[in-house]
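Note sheet for the following structure.
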Amino acid sequence: MSCGCETDHDHDEMFPEFAKVGQLVPPFAMESYDPVEGGFCEVDMGALREQGKWVVLFFYPADFTFVCPTELADLAAKHADLVRLGAEVISVSTDTKFTHLAWKSDERLLADVKFKMASDATGEVSRFFDVWDYDTGLALRGTFVINPEGMLVSAEINYYNVGRNADELVRKMEANAYLKDHPEQACPAKWVPGGKTLTPGEGLVGKVYEALND
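Take any residue in the sequence shown, note its place counting from 1, add 46, and you have its number in our numbering.
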């Protein structure tokens, strides 16, 4: 993706501003380790958009750490559910692709990881998604969902010491996938497939209780 010698000006040209929910994410690519193929590859966001894929970017601080392998193991357990929903899952840290390979080989918690492990060694992608910690050079725990049109529809950022729950990620993916096919509707809190949705409009004002309990 880069030679490792970018300036802030170069970053501004590639990513003119920070990612914002509801706006398009510019296409970019990252070097990656593919555990399924057992080799290195490139993750191309533009190509994934052309394929009509949802994309889940799962940023974490570093390989060979402590909370991180528990998160990736949890994500791996839900990977098939996310793939069923049409998503390409990509984990991202500022480690190199070689470190990803070594960590995947050594850490038994990662035995079931099948998603690509991308390298953001320069931190430019982490800066764009606003998870970059300038003091440590690491990425915070950020989860981002990009729809097939390239729009960022979900963003979550956690600090270092709290791990995430992949069950909630699947639930949000299910809701976003449903709303792509039913854009006139909205999903209330804790919505799961088969649950009641809301149709915003003047007739619903002050009547949400009735709509959910009729």
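Backbone N, C-alpha and C define an ideal beta-carbon position, used for all residues, glycine too.
When beta bridges are read from the DSSP output, serine 78 appears opposite Cys87 and Ala164.
Residue nearest to glutamate 83 within the set Asp179, Lys150, Val67 and Val129 is Lys150 (criterion: CA-CA distance).
Relative to the Cα of valine 159, the nearest Cα in the group Met76, Leu121, Thr140 and Thr168 belongs to Leu121.
Beta-bridge pairing by DSSP links tryptophan 237 to no other residue. For glutamate 170, the closest of Ala133, Val138, Ala201 and Met197 by C-alpha to C-alpha distance is Val138. Annotation: valine 171 is outside any beta strand (DSSP E); the continuous alpha helix (DSSP H) that includes it extends over 170-174. In this structure the segment 176-190 does not lie against the segment 88-99, because fewer than three pairs of beta carbons, one per stretch, are closer than 8 Å. Linking leucine 103 to valine 71 through their CA atoms gives a straight-line distance of about 12 Å. Taking valine 216 as the centre and dropping the five residues before and after it, the same chain places the C-beta of Lys124, Asp127 and Leu128 closer than 7 Å to its C-beta, in chain order. Contact check for alanine 75 against threonine 140 fails: the beta carbons are separated by 8 Å or more. Around the beta-carbon of glutamate 134, 16 or more other beta-carbon atoms lie within 10 Å, marking it buried.
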